[in-house]
């Protein structure tokens, strides 16, 4: 009985120290709370609580957003925060409505950008646009290379440009990483087409029937994933030419692969 008692005591002490060590080692999360006192007394479209923007850059951004609202009627607002946030107090402070776009930059998460968009905005810029905008400019790699200020400014420029031209389904511009992905899919599509088109009968030069059968596969890779993202995001012809060339090279290499793998005949002595 006594040994059982001491065993329970030791187990309780071990559990206590284990829980205590986990609590000590675990960094406390940043607590966000609603605090309208964090908002400035005078109106400004930019509230930079996290100090993500240099002073001169912030002043220029304020003027640009105010002029953009006068010219177009669209309200673009920017809130940067880290440990504290005014929360829903910004709705009343800025008078957010259906024609409002709120960009929130918070470096505590994996992606620093998030957007709160009015219903009227979705008629011009669909939800997929905002997802792509967030992943392109708010990811940690972009922020590490360009900085938080550029993530905010370039995202806003994309939004302003699309609103001025009456809407966008995708984010304009073709980053190098995205173009490389389209080039890879174009080449893979060409390889599949080339393998499918290899002659399978004597006297046949091009197996167009097999190429047609596999056309949904190589067509999706080449047209939907290789050409589509390029023509919808940029008017530059160079990426398009490169992707088409990659597709044709893939077709040629795959089509001629049996020739290269065929053993060379040697004359017997």
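In the UniProt record's numbering, the protein residues as written are 1 to 269. For glycine and all other residues, C-beta sits at the position ideal for the given N, C-alpha and C.
query: Do you know how far the Cα of residue 205 is from the Cα of residue 254?; result: 14 Å
query: Write down the C-beta distance between residue 130 and residue 115 rounded to the nearest angstrom, noting that I regard them as a contact closer than 8 Å.; result: 5 Å
query: Pick helix, strand or coil for residue 85, following the three-state DSSP scheme.; result: strand
query: What are the complete beta strand (DSSP E) segments, minimum 3 residues, inside the UniProt domain "TPM" (46-159)?; result: 46-48, 75-81, 100-106, 113-117
query: For residue 158, is the classification buried or exposed, using 16 other Cβ atoms within 10 angstroms of its Cβ as the cut-off for buried?; result: buried
query: Please return the same chain residues whose Cβ sits closer than 8 Å to the Cβ of residue 149, not counting the five positions on each side in sequence.; result: 52, 53, 54, 57
query: When the Cα atoms are used, what is the spatial distance from residue 108 to residue 81?; result: 9 Å
query: State yes or no: is the C-beta of residue 78 within less than 8 Å of the C-beta of residue 152?; result: yes
query: Determine the closest residue to residue 48 out of 171, 86, 132, with distance taken between C-alpha atoms.; result: 86
query: Thinking C-beta only, is residue 113 closer than 8 Å to residue 138?; result: yes
query: Can you tell me whether residue 205 is helix, strand or coil according to DSSP?; result: coil
query: Of the choices 216, 90, 67, 248, whose alpha-carbon is the least far from that of residue 40?; result: 90
query: According to the Cβ coordinates, are residue 198 and residue 258 closer than 8 Å?; result: yes
query: Is residue 243 buried or exposed, if buried means 16 or more other CB atoms sit within 10 Å of its CB?; result: buried
query: Might you give, ordered along the chain, the residues of its own chain that have their beta carbon closer than 6 Å to the beta carbon of residue 186, omitting 5 neighbours on each side?; result: 222, 226, 243, 246, 247
query: Could you have a look at residue 312 and say whether DSSP puts it in helix, strand or coil?; result: What the structure shows of the chain is the stretch from 1 to 269, and residue 312 is not part of that stretch, so it cannot be assessed.
query: Thinking just about the alpha-carbon of each residue, which of 218, 45, 166 is nearest to the one in residue 188?; result: 218
query: Residue 127: buried (16+ other C-beta within 10 angstroms of its C-beta) or exposed?; result: exposed
query: Could you tell me if residue 120 is buried or exposed, where buried requires 16 or more neighbouring beta carbons within 10 angstroms of its beta carbon?; result: exposed
query: Would you decide whether residue 191 is buried or exposed? Buried here means 16 or more other CB atoms lie within 10 Å of its CB.; result: buried
query: For the alpha helix (DSSP H) holding residue 188, just list the boundary residues, first then last.; result: 176-196
query: For residue 100, count neighbouring C-beta atoms within 10 Å of its own C-beta (all shown protein chains included) and say buried if the count is 16 or more, exposed if not.; result: buried
query: Taking its Cβ as the centre, do 16 or more other Cβ atoms sit within 10 Å of residue 237, making it buried, or is it exposed?; result: exposed
query: Straight-line CA distance for residue 65 to residue 165?; result: 17 Å
query: Nearest to residue 76 by alpha carbon, out of 88, 98, 233, 84?; result: 98
query: Find the nearest neighbour of residue 67 within the set 104, 88, 50, 44, judged by alpha-carbon distance.; result: 44
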